Amino acid sequence: MSPPFDGGGEDDEEGKLTVDAILESEQRMNAVGDYELDLSSRGIKEIENLGGTCDQFDSIDFGKNEIVKLEGFPKLRRLHTINASENKIEKINGTNVSENVPKLEWLMLQNNKIRNLVDIDEIAKMKKLKCLIMKGNPVCAVENYRAYCIYKLNDGLKMLDYERIYAKEREQAKKMFGEDDGKAAKAKTFTVGKRGGRDEEEEEEAKKTKKKPKNNAAELAKIKAAIANAT
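By the numbering used here, the letter at position 179 of the sequence shown is numbered 814, and the numbering carries on one by one without gaps.
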């Protein structure tokens with residue numbers, strides 16, 4: 636179990652991610668053989684001071700914190716998996732993740748507060764991405780959300796929201812958006828509550844009634860194995 640997070644000192648702001656807190660956090664070899672830093676369940680509000688990791692980790696777990704924006708990454712050339720599920724992330728657009736984490740393959744953002752398709756455009760800059768988990772975000776209720784993601788993200792993406800992407804879906808997405816760039820531009824203005832979307836209360840109710848997919852290391856190992864064997 637990870638040690639209690641105290642912000643690194645009595646004088647530090649509550650929920651602050653300090654270098655000392657990073658160094659004292661659990662470091663382990665996870666079930667899929669990645670060297671992982673566990674920063675989950677610490678009350679962290681902002682990603683910072685990751686230069687203190689000296690780029691030694693394949694995976695960082697930020698799950699179950701209070702993070703509101705996916706930003707603050709230094710240049711981390713080794714890191715390929717980020718788990719930021721169950722936070723309060725509202726925005727990705729305009730961040731530096733694609734530039735500073737160039738080998739990112741796995742991005743897990745389940746159960747956050749992302750509402751706009753424009754944030755998918757930022758994720759599309761992550762050219763190595765193989766798996767994206769957005770399940771539980773309000774944006775998932777936007778009309779044609781899955782088709783838009785498949786259209787915008789690179790052909791290397793194998794899985795979206797725990798479901799494999801098939802060639803037929805790619806073709807349909809290109810027909811839907813690729814023949815008219817105006818459709819894609821217009822799609823980015825869709826928000827929850829418009830054009831088939833649901834408001835926040837309905838989204839919360841839907842999350843309560845749906846069984847949440849497991850996000851543990853054993854299941855990720857199975858998913859990675861399936862992707863590795865996919866043609």
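All C-beta atoms, glycine included, are put in the ideal place defined by N, C-alpha and C.
Please read all numbers here as calculations on a predicted model, not as lab measurements.
Taken through DSSP and simplified to helix, strand or coil, Lys-710 comes out as coil.
Ala-802 is classed as exposed because its beta carbon has fewer than 16 other beta carbons within 10 Å across all chains shown. DSSP places Glu-683 in the coil class of the three-state scheme, outside both helix and strand. Of Asp-690, Val-777, Asn-665 and Asp-673, the smallest CA-CA separation from Ile-755 is found for Val-777. The beta-carbon distance between Leu-795 and Leu-767, rounded to whole angstroms, is 5 angstroms. This is short enough to meet the 8 angstroms contact definition.
Rounded to whole angstroms, Leu-739 and Asp-693 show a C-alpha spacing of 9 angstroms. Taking Thr-688 as the centre and dropping the five residues before and after it, the same chain places the C-beta of Ile-657 and Leu-672 closer than 7 angstroms to its C-beta, in chain order.
Within 10 angstroms of the beta-carbon of Met-743 lie 16 or more other beta-carbons, which makes it buried. For Ser-694, the enclosing beta strand (DSSP E) stretches over residues 694–696. Excluding sequence positions up to five before and after Pro-709, its CB lies within less than 7 angstroms of the CB of Leu-685, Gly-686 and Asn-735, all in the same chain and listed in chain order. Secondary structure note for Asp-673: its beta strand (DSSP E) is the uninterrupted segment 670–673. Proximity to Val-654 across Gly-668, Ile-682, Lys-760 and Asn-665 peaks at Ile-682, based on C-alpha coordinates.
The shortest CA-to-CA distance from Leu-674 to any of Lys-748, Ala-759, Ile-785 and Phe-697 is the one to Phe-697.
DSSP assignment within the segment 688–770 yields the following whole alpha helix (DSSP H) runs of 4 residues or more, N-terminal first: 732–735 and 753–758. Only residues of its own chain outside the window of five on either side were considered, and among them Asp-696, Gly-698 and Met-743 have a CB closer than 6 angstroms to the CB of Asn-718, listed in chain order. For Ala-759, same chain residues with a beta-carbon under 8 angstroms away, outside a window of 5 residues either side, are Lys-787, Leu-788 and Asn-789 in chain order.
Around the beta carbon of Gln-745, 16 or more other beta carbons lie within 10 angstroms, which makes this residue buried. Where Arg-805 is concerned, the enclosing alpha helix (DSSP H) starts and stops at 802–808. The beta-carbon separation of Lys-765 and Gly-791, rounded to 6 angstroms, stays under the 8 angstroms limit for a contact. Around the beta carbon of Asp-690, fewer than 16 other beta carbons sit within 10 angstroms, so the residue counts as exposed.
Under the DSSP assignment, Arg-781 falls in the alpha helix (DSSP H) whose first and last residues are 780–787. With 16 or more other CB atoms across the displayed protein chains lying within 10 angstroms of its CB, Arg-677 is buried. Under the three-state reduction of DSSP, Leu-795 is assigned to strand.
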